[in-house]
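A.B. asks:
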Amino acid sequence: MTALQILAGPTARARLAERGLRAEDIGLVPAAAGGPKGLILNGLDRLLFGEWLPQGGRTVHLVGASIGAWRMATAALAHRDVATAFAAMAEAYVTQEYDVLPGEKRPRPEGVSQRFGEILAEIFEGREADVLAHPRYRLHIVTSRGHTGLLAREGRVRTPLGYLGAYAANALSRPLLGRFLERVVFSDPRDGLPLKLHDFKTREVHLSRTNLRGALLASCSIPFWLRAQHDLPGAPRGAYWDGGITDYHLHLDYRALQQAQAPLVLYPHFQRQVVPGWLDKALKHRHRTTAFLDNVVLLCPSPEWVATLPGGKLPDRNDFKALDATERRRRWRVAVAQSQRLADEFAALTARDTVQALPL
């Protein structure tokens with residue numbers, strides 16, 4: 005049984021068959037939202053960003069939403085000791101705990117935002133300049149901004165009503181979601197995002213030392229679980245939420261990268277489907293592959309291997325409710341440890357002169 009699956013769009017499959025998978029061919033790495041599921045990529049992240057991608061000697065753009073943004077910021081932060089940085093990130097995620105007040109069933113959003121902000125501060129405070137000075141990586145953090153109407157500011161009544169409207173609009177047409185939310189990408193000022201994002205209302209602003217942690221917290225701020233982040237420095241006014249709302253799995257148009265010297269997108273993912281937005285999870289017809297992914301190489305765990313993990317599944321947010329803290333931490337730590345299997349199989353894959361990938 006293999007743990008790692010490799011899938012690719014038609015352009016990427018042809019290149020892999022011709023010359024294998026080479027670091028110098030990779031120009032961009034996306035990182036999806038998905039909460040604890042991202043832990044299963046920890047071993048692969050350590051190998052990719054610490055050992056394999058640096059062999060290519062090229063600039064690589066790192067694009068992330070929610071936990072994906074945290075993963076990519078960790079890669080950009082730790083160009084000297086990637087393994088330690090990703091181990092620390094995993095442990096911080098595994099051990100997070102939030103107080104539940106007497107008589108209530110779940111933590112209050114303001115408490116979760118405060119504690120999660122403290123976790124990010126412990127890692128990134130005072131080191132923002134290091135992230136923005138990485139010699140090879142360029143970080144891009146995806147957020148969802150409420151730019152008009154009910155979602156322009158957060159409120160006890162207006163936010164639920166706004167998201168109800170957003171859900172209905174998205175069900176009719178994904179572009180209609182743009183009437184409620186826009187994609188705001190906080191990008192490394194040295195190099196903008198090398199993509200043409202015309203699929204959805206989009207704005208790009210400079211990432212800076214003053215807004216990096218705020219953008220990260222915003223990109224991880226799940227509506228109703230955390231508070232929105234308002235009026236981030238250097239960005240338009242508004243309420244900023246989880247980047248996964250507009251871009252759950254970053255199903256972006258990556259084809260513009262094909263004209264670059266490093267034309268492929270390498271996508272470590274926890275599943276084979278690349279779902280456009282969080283509100284599209286139930287809309288199965290939007291889970292299909294499109295031409296946007298022609299030059300994408302996607303790495304994901306095989307279902308058979310996932311079935312061998314504790315509970316027979318990937319870590320997920322429901323574990324907070326279904327398991328006590330001790331058992332949840334145990335299972336998640338096992339998943340992180342087992343993620344090394346994906347890294348080992350990837351290393352073997354890159355040693356081949358030709359690679360046969362499944363159709364994405």
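Remember, the numbering used here sits 4 above the position in the sequence shown when you count from 1. For every residue, glycine included, the Cβ atom is placed at its ideal position computed from N, Cα and C.
1) Using C-beta distances below 7 Å, list every residue in its chain close to residue 30, excluding the 5 sequence neighbours before and after it, in chain order.
2) In angstroms, rounded to a whole number, what distance separates the CA positions of residue 158 and residue 244?
3) Please tell me whether residue 132 and residue 213 are closer than 8 Å, where the distance is taken between their beta carbons.
4) Kindly identify the DSSP beta-bridge partner or partners of residue 271.
5) Does the segment 243-258 come into contact with the segment 148-163, if we say contact requires no fewer than three beta-carbon pairs (one atom in each stretch) closer than 8 Å?
6) Check whether the segment 179-199 and the segment 305-323 are in contact - that is, three or more C-beta pairs closer than 8 Å.
7) Specify whether the segment 224-240 and the segment 274-281 touch according to this definition: at least 3 beta carbon pairs, one from each stretch, less than 8 Å apart.
8) How would you label residue 104, buried or exposed, when you count the other beta carbons within 10 angstroms and need 16 or more for buried?
9) On the three-pair Cβ rule with 8 Å, is the segment 354-362 touching the segment 282-289?
10) Of all the beta strand (DSSP E) runs that stay within the bounds of the segment 204-292, which reach a length of 3 or more residues?
11) From residue 336 to residue 99, what distance separates their C-alpha atoms?
12) At which residue ranges does the segment 141-214 contain complete alpha helix (DSSP H) runs of 4 or more residues, listed in the order of the chain?
13) Starting from residue 79 and walking both ways along the alpha helix (DSSP H), at which residues does that stretch end?
14) Taking Cβ to Cβ, would you say residue 188 is nearer than 8 Å to residue 207?
15) Check this for me: beta carbons of residue 15 and residue 298, under 8 Å apart or not?
16) Note the first and the last residue of the continuous alpha helix (DSSP H) segment covering residue 116.
17) Only counting the same chain, and skipping five residues up and downstream in sequence, which positions put a Cβ closer than 7 Å to that of residue 54?
18) Does DSSP put residue 12 in a helix, a strand or coil?
19) Along the chain, where does the alpha helix (DSSP H) containing residue 48 start, and where does it finish?
C.D. replies: Result, derived from the coordinates:
1) 57, 60, 64, 266, 268, 270
2) 9 Å
3) yes
4) 302
5) yes
6) no
7) no
8) exposed
9) no
10) 206-210, 243-245, 268-272
11) 10 Å
12) 162-176
13) 71-81
14) yes
15) yes
16) 113-128
17) 86, 87
18) strand
19) 46-51
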